[in-house]
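Only one structure is covered here, and it is reproduced in the block below.
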Amino acid sequence: MTGLTTKFLEKLCFNVFKESCLVYFVINKLGKITQWGGNLSDLNISEPGEDDPITDTAIFMEGILPLKGESMEFSCIKMPNNSCVDALLFKIEIGYGLIIWDATKKDHYLTETQQKCNELSLLIEKQKNRLVHFPDKRSEMENETILEDLFQALNFAVLEMDNNGHFVLIGTPPKWIEQIPQSNQILLGHSYEEDVFTFLGNFIQTAKDLWSKNHQGSYKSGVWIEKDQTDQEFLFEATAVDIQGRKLLIISHDRCQPNEKQSIIQKGRDLALNYHKLKRSDQKLKSMHDELELRVKERTKDIEEANRKLANELKERKKVEKEREEVSQQLRQSQKMEAIGTLAGGIAHDFNNILSAIIGFSELSIYEIKEDSTLKPKLEKILHASGRAKDLVQQILTFSRQTELEKRPLKLKLIVLEVLNLLRASLPAFIDIKKDLKSNGYILADQTQIHQVIMNLCTNAWHAMKENGGTLKVGLKEIDIKNESISAKNKLAIGQYLELTIKDTGCGMPPEIIERIFDPYFTTKETDKGTGLGLSVVHGIISNCNGSITVDSQIGKGSLFKIYLPSFITSNRSKPNKEKTISLGNNEKILFVDDEPFQTEMAEQQLSQMGYRVIISNDSAHALNIFLDNKDDFDLIITDMIMPKMTGKTLSQKIHKIKPDIPIILCSGYSDDIDSDTIKKMGIAQYLMKPVGMNDLSRAVKDALQKKK
Amino acid sequence: MKKKICMLGAFAVGKTSLVERYVHSIFSDKYHTTVGVKIEKMQTAIGEEIVDLIIWDLHGEDEFQHVQLSYLKGSSGLIYVADGTRKSTLATALNLKEIAEKTIGKVPFILVLNKMDLQDQWEIDDLTLKDIEDKGIIVVQTSAKTGDEVKHTFQLLTKKMLDK
């Protein structure tokens, strides 16, 4: 080569390098630059000095020399000066040659794509011409040829699956096939195992699965990067498609451009990172879910506990409310009874006054008529009926509990009879009452309470027989409890007792009911039909009398209540019989005060009959004036209790203030008007309950006058 | 004195971030994959010895691209980087260690577990760590984000390279 030629070539190379953004270095075996060329400034590479080590200019050369092979490529090297270069290092005689170029300007990679476009355009043109000139000669072969031409033009490799499930290359193979591993087998036309395109392994399996399910349409593998035999990176993408029953894998190929590669890798890695994050999120979510489940369980446990407490609280509250309702009902019952009592008291007061007149005038009439008068038996019947009316009033007062509780000797038989008489009027005819009252013995008890006990038990017996009727048997006898076991069983002291039995033939009670019948508020009756207090009160009254009550019952046969009450044995028993003779007066002067004119008129006649002088007054204030005017003339004052202007009590107090020793008899139609303590404190000589018969009146007057003396 | 160091590891473990933190004291949360190689230069001193470190930040290893083993040529030290929040990256790092030793022989190296600022997402347990350390591998936990232990890692490797 002549010097001119060399100079020309150098100039040419300089220009080529300059325009191509290439630089070159000639490096000796010691790694020092001997020559260099190209436009270093475009690559931000500073110009080297003579004999400078290559590593000072191309930092990536550190440690690379000496080169083992013939050459070495560097791809996408980002230098500290921010330039991105590709490089090729190769051995030369004197040492090494190094070419560096800008990796960001790989415009020539576009050429292949442009080529494909051009070839495709040509193919379309060729096909158009065929259709114009040979419209009737379209055959499968032609289609096949066109398809293969198309694949070739597009630079596609097309594999078709044979009957054995292997893939065979069809048509003219693209040139790039030669670059991939196992290209020899492919080009020789062998049927290919799936691992020829190793990167398609999973994709081929998926495609086969889809085809086996008659999947229509195409299925893409996505972009993959592979290296060819020269380590050059390529992009691959496969499409699985079923065309008229032919199972095809169409594999496209392109050389890898840095920007594209960067983008693909970035996307792939972003996907991988996202997948990892997603997986972590899933795990975290699962962990949170588990924790949440645990918390929910914990919370539910608390709620369950709270619910249980709440349920108990509600149950307790309902119980309390029920009790309150029962107490309220009991209170209403008490108030009702109190109202009835008040009403009964009021009626009794007026009724007793009326009875007083009936009895009084009847008695006066009997005294006035002759012994053989036909009127006498008639008047005596009026008196007898009045006596029953008086008893009835007393019973009403007793029933409405308007009498004082006072234990006194009672002839139990009489109370039983009284109750049965009352009941007989109330009970329907299909309830038969049988009585077997063998004892005339006494007990020490409050009459009202015993009345209540018998009434209560008999009423229960009636209720038990309400549906089908039956017999109420009431028995009374004296028993002597000597046996200690019987005594202990009935919780009674050894001694004499009266045994009162009340038996019905009603529905009876099961054992679980019997166990509870004496419990307060326990009732088997409908709401508003019973308070559940009856038998508990009975039990309390009997116990208070040192007695005992037992029950025996059988379902469908009836119940038997036995009451044991201690016999009252004393010589001081109250004798009910009283003298029926009228005590006569000795012309003593009596002031009789009552606001009812018939009372004063009757008393005037009665007392006059008895031999007394009587001054009457229907006005208490006027009566006081009468007394003041003649205070030493009167021997006795008889006054009604309830009067307008001034009560009998006040009148008595005022009279006693003036004349303390004068005896006063107070009369009342109602026992609640005044109590016995007050009577004693006031120094009242006698207290008479209306209606007062002549016998009682004469005896009371006599007694009071005798006390004065 | 110049020493070439290569950063190796799975993708997105923070190799570039560690280099950026060490060389430029900067950090970015945004992931930008490295295609090819990024070369940085950093001067350091071990005692009185001044060392110019040529740091090769190689692209990450994954199914898309493998590490160009020829790039390891001339390396005086290697840093294998794993992401503590992705256990699989530890296996990749250890696998790369095997490959690198076969390619260029044994050179000083350090195994870095990066992203220690994300302890709440940590996936590598103490037992695994102990197993690795029992094999004589130096493990340093770093955070390119906070800078924790980053400088120390490079210093340590430099010292090991000088001591060799």
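So the sequence lines, in the order shown, correspond to chains A and B. For the first sequence, position 386 (counting from the first letter as 1) is numbered 386 according to my numbering, and the numbering increases by one without interruption. For the second sequence, position 48 (counting from the first letter as 1) is numbered 1048 according to my numbering, and the numbering increases by one without interruption. Where a beta carbon is used, it is the ideal one built from N, C-alpha and C, also for glycine.
Residue burial classification, residue i (beta-carbon count within 10 angstroms, cutoff 16)
| i | result |
| --- | --- |
| residue 121 (chain A) | Because the pLDDT at residue 121 (chain A) is just 41, under 50, the model does not fix this residue reliably, and the value given afterwards should be weighed accordingly. It is exposed - the Cβ of residue 121 (chain A) has fewer than 16 other Cβ atoms within 10 Å. |
| residue 1150 (chain B) | buried |
| residue 711 (chain A) | An answer regarding residue 711 (chain A) cannot be provided, because it is not within the stretch 1 to 709 covered by chain A. |
| residue 92 (chain A) | exposed |
| residue 141 (chain A) | With a pLDDT of 45 at residue 141 (chain A), under the threshold of 50, the predicted position of this residue should be treated as unreliable, though the coordinate-derived value follows. Label assigned to residue 141 (chain A): exposed. |
| residue 430 (chain A) | exposed |
| residue 448 (chain A) | buried |
| residue 252 (chain A) | buried |
| residue 422 (chain A) | buried |
| residue 593 (chain A) | buried |
| residue 419 (chain A) | buried |
| residue 275 (chain A) | exposed |
CB contact flag (residue i, residue j, <7 Å)
| i | j | result |
| --- | --- | --- |
| residue 505 (chain A) | residue 470 (chain A) | yes |
| residue 498 (chain A) | residue 565 (chain A) | yes |
| residue 1161 (chain B) | residue 1015 (chain B) | no |
| residue 1118 (chain B) | residue 1085 (chain B) | yes |
| residue 606 (chain A) | residue 689 (chain A) | no |
| residue 535 (chain A) | residue 517 (chain A) | yes |
| residue 240 (chain A) | residue 207 (chain A) | yes |
| residue 76 (chain A) | residue 58 (chain A) | no |
| residue 443 (chain A) | residue 412 (chain A) | yes |
Beta carbon proximity, residue i to chain B, threshold 7 Å
| i | result |
| --- | --- |
| residue 243 (chain A) | no |
| residue 285 (chain A) | no |
| residue 129 (chain A) | With a pLDDT of only 48 at residue 129 (chain A), under 50, the local geometry of the prediction cannot be trusted, and the value read off the model is given with reservation. Answer no: the Cβ-Cβ gap between residue 129 (chain A) and chain B never drops below 7 Å. |
| residue 221 (chain A) | no |
| residue 22 (chain A) | no |
| residue 276 (chain A) | yes |
| residue 317 (chain A) | no |
| residue 78 (chain A) | yes |
| residue 31 (chain A) | no |
| residue 60 (chain A) | yes |
| residue 63 (chain A) | yes |
CB contact check: residue i to chain A, cutoff 7 Å
| i | result |
| --- | --- |
| residue 1021 (chain B) | no |
| residue 1040 (chain B) | yes |
| residue 957 (chain B) | There is no way to answer for residue 957 (chain B), as the model of chain B reaches only from 1001 to 1164. |
| residue 1073 (chain B) | yes |
| residue 1097 (chain B) | no |
| residue 1087 (chain B) | no |
| residue 1004 (chain B) | yes |
| residue 1026 (chain B) | no |
| residue 1084 (chain B) | no |
| residue 1011 (chain B) | yes |
| residue 1014 (chain B) | no |
| residue 1017 (chain B) | no |
| residue 1105 (chain B) | no |
| residue 1054 (chain B) | yes |
| residue 1051 (chain B) | no |
| residue 1037 (chain B) | yes |
| residue 1070 (chain B) | yes |
Boundaries (first-last residue) of the alpha helix (DSSP H) holding residue i
| i | result |
| --- | --- |
| residue 72 (chain A) | First-last for residue 72 (chain A): 71-78, but that is the beta strand (DSSP E), not the alpha helix (DSSP H). |
| residue 1086 (chain B) | Looking at the DSSP string, residue 1086 (chain B) is not in any alpha helix (DSSP H), and its letter there is neither H nor E. |
| residue 603 (chain A) | 597-610 |
| residue 1022 (chain B) | 1015-1024 |
| residue 455 (chain A) | 447-464 |
| residue 688 (chain A) | From DSSP, residue 688 (chain A) is part of no alpha helix (DSSP H) but of the beta strand (DSSP E) over 686-689. |
First and last residue of the uninterrupted beta strand (DSSP E) at residue i
| i | result |
| --- | --- |
| residue 38 (chain A) | 33-38 |
| residue 1046 (chain B) | 1037-1046 |
| residue 1110 (chain B) | 1109-1114 |
| residue 169 (chain A) | 167-170 |
| residue 501 (chain A) | 495-503 |
Bridge partners - residue i, DSSP secondary structure assignment
| i | result |
| --- | --- |
| residue 640 (chain A) | A:667 |
| residue 28 (chain A) | A:95 |
| residue 1010 (chain B) | B:1061 |
| residue 246 (chain A) | A:243 |
| residue 85 (chain A) | A:77, A:102 |
| residue 471 (chain A) | A:432 |
| residue 407 (chain A) | A:446 |
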